[in-house]
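First up is the structure itself, then whatever we jot down about it.
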Amino acid sequence: MKSLPLIVMTVAISACAGQPPAGVQSVGQSQQSPKAVAQCVAQKWADKSRQQVILQDTLANDQGLDVFVPGQQPPNGAAAVVLPANNGKGSWVGFRANGAAGSDTTGDISACL
800 MKSLPLIVMT
810 VAISACAGQP
820 PAGVQSVGQS
830 QQSPKAVAQC
840 VAQKWADKSR
850 QQVILQDTLA
860 NDQGLDVFVP
870 GQQPPNGAAA
880 VVLPANNGKG
890 SWVGFRANGA
900 AGSDTTGDIS
910 ACL
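What follows is the structure in structure tokens.
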């Protein structure tokens, strides 16, 4: 009977795994790896703004990354959120605005999908 709490916790975690993080609007999916998508977004934003862009690993081995909008700082700044796709292939990409304008930034993200 001691295994029941573990089973309940596993089911609860599994139910949340397929949902986007709170406060993040979905931009789309890509067949590319999360690292490749994150690097593309970072390069576009750096070239466009001529400012430093911060990438932050959110999952081990570059499987999940936040790409912060130029001028934004971790951990809560505006960022592209790049995670493994639910089906196991490619990436899911979203945008956490946190007060930053989203139209240009989401267009740049979409160009990397």
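800 is the number of the first residue of the sequence shown in this note's numbering; add one for each residue after it.
All C-beta atoms in this analysis are idealised placements derived from N, C-alpha and C, irrespective of residue type, glycine included.
Model, not experiment: these values are computed from the prediction.
Note down the Cα distance separating residue i from residue j, rounded to an integer number of angstroms.
i, j, result
"residue 853", "residue 885", "25 Å"
"residue 837", "residue 824", "16 Å"
"residue 862", "residue 897", "23 Å"
"residue 878", "residue 867", "4 Å"
"residue 839", "residue 911", "6 Å"
"residue 844", "residue 883", "21 Å"
Applying the criterion that 16 or more other CB atoms from any shown protein chain within 10 Å of the CB defines a buried residue, is residue i buried or exposed?
i, result
"residue 903", "exposed"
"residue 906", "exposed"
"residue 888", "exposed"
"residue 858", "exposed"
Is residue j closer than 7 Å to residue i when the C-beta atoms are compared?
i, j, result
"residue 909", "residue 829", "no"
"residue 865", "residue 855", "yes"
What whole-angstrom Cβ distance do residue i and residue j have, given they're in contact under 8 Å?
i, j, result
"residue 895", "residue 827", "No, residue 895 and residue 827 are not in contact; Cβ-Cβ is about 15 Å, not under 8 Å."
"residue 873", "residue 851", "In fact, because the Cβ distance is near 12 Å, the residues do not count as touching under 8 Å."
"residue 820", "residue 881", "The pair is not a contact, with the Cβ atoms about 11 Å apart (cut-off 8 Å)."
Sequence ranges, alpha helix (DSSP H) only - wholly within the region 826–855, length at least 4: Counting only runs of 4 or more, we get 833–848.
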